[in-house]
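Participant: Protein chains in written order, with our numbering: chain A, 1166 to 1354; chain B, 5 to 172. Using N, Cα and C, we set each Cβ at its ideal position, and we do this for glycine too. Since the structure is predicted, the reported quantities are computational estimates derived from the model, not experimental observations.
1) DSSP state of residue 1278 of chain A, grouped into three classes?
2) Spatial neighbours of residue 84 of chain B within its chain, please: CB distance less than 6 angstroms, with the 5 preceding and 5 following residues excluded, ordered by chain position.
3) Who are the neighbours of residue 88 of chain B on chain A, taking C-beta pairs under 8 angstroms?
4) Give me the Cβ distance between residue 46 of chain B and residue 90 of chain B, rounded to the nearest whole Å; I'm assuming they're in contact under 8 angstroms.
5) Under 8 angstroms between beta-carbons, which chain B residues line up against residue 1278 of chain A? List them in chain order, please.
6) Would you mind reading off the limits of the alpha helix (DSSP H) that contains residue 67 of chain B?
7) Is the stretch 47-67 of chain B in contact with the stretch 1241-1249 of chain A, if contact means three or more CB pairs nearer than 8 angstroms?
8) Once you ignore the five residues that flank residue 4 of chain B on each side, which residues in its own chain have a CB closer than 7 angstroms to its CB?
9) Since I believe residue 1249 of chain A is in contact with residue 1264 of chain A (beta carbons under 8 angstroms), could you give me their beta-carbon distance rounded to a whole number of angstroms?
10) Would a check of beta-carbon distances place residue 70 of chain B closer than 8 angstroms to chain A?
11) Taking the C-alpha atoms as reference points, what is the distance between residue 170 of chain B and residue 1273 of chain A?
12) Does the stretch 1183-1196 of chain A come close enough to the stretch 14-25 of chain B that 3 or more CB-CB pairs lie under 8 angstroms?
13) Since residue 1185 of chain A and residue 44 of chain B should fall inside the 8 angstroms C-beta cutoff, what is the C-beta to C-beta distance between them, to a whole number of angstroms?
14) In this structure, how does DSSP classify residue 146 of chain B when only helix, strand and coil are distinguished?
15) Please decide whether residue 12 of chain B counts as near chain A, where near means a Cβ-Cβ distance under 8 angstroms.
16) Give a single yes or no on whether residue 58 of chain B has its beta carbon closer than 7 angstroms to a heavy atom of the ligand ATP.
17) Any beta carbon of chain B sitting closer than 8 angstroms to that of residue 1127 of chain A?
18) Assuming residue 1216 of chain A is part of the alpha helix (DSSP H), what are its boundary residues?
19) Chain B partners of residue 1212 of chain A, CB-CB under 7 angstroms?
20) What's the call for residue 1229 of chain A, buried or exposed, on a 16-neighbour Cβ count within 10 Å?
21) Which class does residue 38 of chain B belong to by DSSP, given the choice of helix, strand or coil?
22) Have a look at residue 1351 of chain A and residue 144 of chain B and give me their C-alpha separation to the nearest angstrom.
23) Check each candidate in A/1347, A/1223, A/1337 and A/1310 and name the one with the smallest Cα separation from residue 149 of chain B.
24) Anything in chain A within Cβ reach of residue 100 of chain B, meaning under 9 angstroms, just list it in chain order.
25) Going by beta carbon distance, what residues of the same chain come within less than 7 angstroms of residue 135 of chain B, once the five residues before and after it are set aside?
26) Compare the C-alpha of residue 55 of chain B against each of A/1319, A/1311, A/1189 and A/1290 and name the closest.
27) Could you check whether the stretch 1342-1350 of chain A touches the stretch 1303-1319 of chain A, counting it as contact only if at least three pairs of C-beta atoms, one from each stretch, sit closer than 8 angstroms?
28) Taking residue 139 of chain B as the query, report the chain A residues whose CB atoms sit under 8 angstroms from its CB, ordered along the chain.
29) Would you say residue 1252 of chain A reaches chain B, if we count a Cβ-Cβ gap shorter than 8 angstroms as a contact?
30) State the start and end residues of the unbroken alpha helix (DSSP H) segment that holds residue 1319 of chain A.
31) Mind checking whether residue 1292 of chain A and residue 157 of chain B have CB atoms under 8 angstroms apart?
32) Residue 21 of chain B: which of A/1253, A/1270 and A/1216 sits nearest, CA to CA?
33) Between residue 93 of chain B and chain A, is any beta-carbon pair separated by less than 8 angstroms?
34) Beta-carbon separation of residue 68 of chain B and residue 1212 of chain A under 8 angstroms?
35) Nearest-angstrom Cα distance between residue 162 of chain B and residue 1334 of chain A?
36) Which value, in whole angstroms, describes the spacing of the CA atoms of residue 1295 of chain A and residue 1177 of chain A?
Here is the structure:
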């Protein structure tokens, strides 16, 4: 990706390559500072949710669903995934990220390849059901919309469809891969 | 209405902590402490992704792709005005919010294009960014089919978004 872009720029605008890279890196740094501030707030809040026992209650509520979808038995991992998903549902992708990282660490089996639950987590994060797209509504309000909340219903329906689709697709691909592997094994024998 | 929801959740949380006799300040500080460590760890990944995206944009490859792909997108019911958003959304969160604001100011916040864009923002995610950051603290090097499946879902979500906004 980087190589092809630089090749094109070599012909059109070679002077821009380094300056663009540095300025992108600068904006990455300022984004990180912003993220640090946002994370400080949300990690503080989430620590409270956790310490007060609300986290466990939430996880208990979502546990049967998570157990079925992710095929994970460890209660600690289930709790982390529950927190990640509930933050995503409220349109708070930034608050979901720290929990997502922790869930991934808990799911890691050290094989170097993503396992079923990890793939499921990424896909569900990508499609995530949005009960309340907070950020988008905020932006729309400041743009002078007459009814900024009228996107809630279509967003809910569409994200519901894509989440179901995502879960189905991951299960389907997983099954197909297992069948192929079985066939290869039986051929070797 | 929606601006009340977060404060209400926070108030509920603090009262609940008070009720459970938990030292709110100590726990909040403990949680917030994790933010700096986390950001230091994810910076190299964010920087690499943003550099790649910036190069793609400056080299004109994004524009070229947008003009190349717009007939296909149109056939799927996605207006040409939204092609850039759909293409860049998987790579950059802050960048796509920038594009969204551009769409609001060009077409008006209540237009069909803007409403589509809002729903698209909801049903898609900065997949490459999320995937990179999520696995950055694990030993995983191969994501297998995670990204293709996520991209297919986002594309179908986008098509559905354009359809539903027309009806609703």
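Facilitator: Quick look at the numbers:
1) Assignment of residue 1278 of chain A by DSSP, reduced to helix, strand and coil, places it in the strand class.
2) If we look at residue 84 of chain B and ignore the five residues flanking it on each side, its Cβ neighbours are 74.
3) What residue 88 of chain B touches in chain A: nothing, since even the nearest Cβ is about 16 angstroms away.
4) Contact between residue 46 of chain B and residue 90 of chain B is ruled out by a C-beta separation of about 25 angstroms, above the 8 angstroms threshold.
5) Near residue 1278 of chain A (Cβ distances below 8 angstroms), the residues of chain B are 144, 145, 146 and 148.
6) That run of the alpha helix (DSSP H) goes 65-79.
7) Because the criterion of three Cβ pairs below 8 angstroms is not met, the stretch 47-67 of chain B and the stretch 1241-1249 of chain A do not touch.
8) Residue 4 of chain B is absent from the structure shown; chain B starts at 5 and stops at 172.
9) Right, the Cβ-Cβ distance comes to about 4 angstroms (below 8 angstroms), so this counts as a contact.
10) Cβ-Cβ to chain A under 8 angstroms: no for residue 70 of chain B.
11) Roughly 43 angstroms separates the two Cα atoms.
12) Under the Cβ criterion (8 angstroms, minimum of three pairs), the stretch 14-25 of chain B does not count as touching the stretch 1183-1196 of chain A.
13) Contact annotation, residue 1185 of chain A with residue 44 of chain B: C-beta distance approximately 25 angstroms; criterion of less than 8 angstroms not satisfied.
14) Residue 146 of chain B: strand per DSSP, three-state reduction.
15) The beta carbon of residue 12 of chain B sits no closer than 8 angstroms to any beta carbon of chain A.
16) In the structure shown, the ligand ATP is absent, as is every other ligand, since no ligand is present at all.
17) There is simply no residue 1127 of chain A to check, as chain A begins at 1166 and stops at 1354 in what is shown.
18) From DSSP, the alpha helix (DSSP H) with residue 1216 of chain A extends over 1181-1216.
19) The answer, in chain order, is 31, 32, 34 and 35.
20) Residue 1229 of chain A is exposed by the Cβ-count criterion.
21) Correct three-state label for residue 38 of chain B: helix.
22) Taking the straight line from one Cα to the other gives about 28 angstroms.
23) Per the Cα distances, A/1337.
24) The premise fails here: residue 100 of chain B is roughly 11 angstroms from chain A at the closest Cβ pair, so nothing lies under 9 angstroms.
25) Counting only Cβ-Cβ distances below 7 angstroms, and skipping sequence neighbours, we find 147, 150 and 151.
26) Ranking A/1319, A/1311, A/1189 and A/1290 by Cα distance to residue 55 of chain B puts A/1189 first.
27) Contact between the stretch 1342-1350 of chain A and the stretch 1303-1319 of chain A is absent: fewer than three C-beta pairs spanning the two stretches fall below 8 angstroms.
28) Chain A residues near residue 139 of chain B: 1269, 1279 and 1283.
29) So no, residue 1252 of chain A is outside the interface.
30) According to the DSSP assignment, residue 1319 of chain A belongs to the alpha helix (DSSP H) that extends over 1317-1353.
31) Yes; because the gap between Cβ atoms is below 8 angstroms, this pair is in contact.
32) Of the listed residues, the one whose Cα sits closest to residue 21 of chain B is A/1216.
33) In terms of beta-carbon proximity, residue 93 of chain B stays away from the interface with chain A, with every pair separated by 8 angstroms or more.
34) Taking 8 angstroms as the Cβ cut-off, residue 68 of chain B and residue 1212 of chain A do not qualify as a contacting pair.
35) Cα to Cα, the separation comes out at about 17 angstroms.
36) Just so you know, the alpha carbons of residue 1295 of chain A and residue 1177 of chain A end up roughly 42 angstroms apart.
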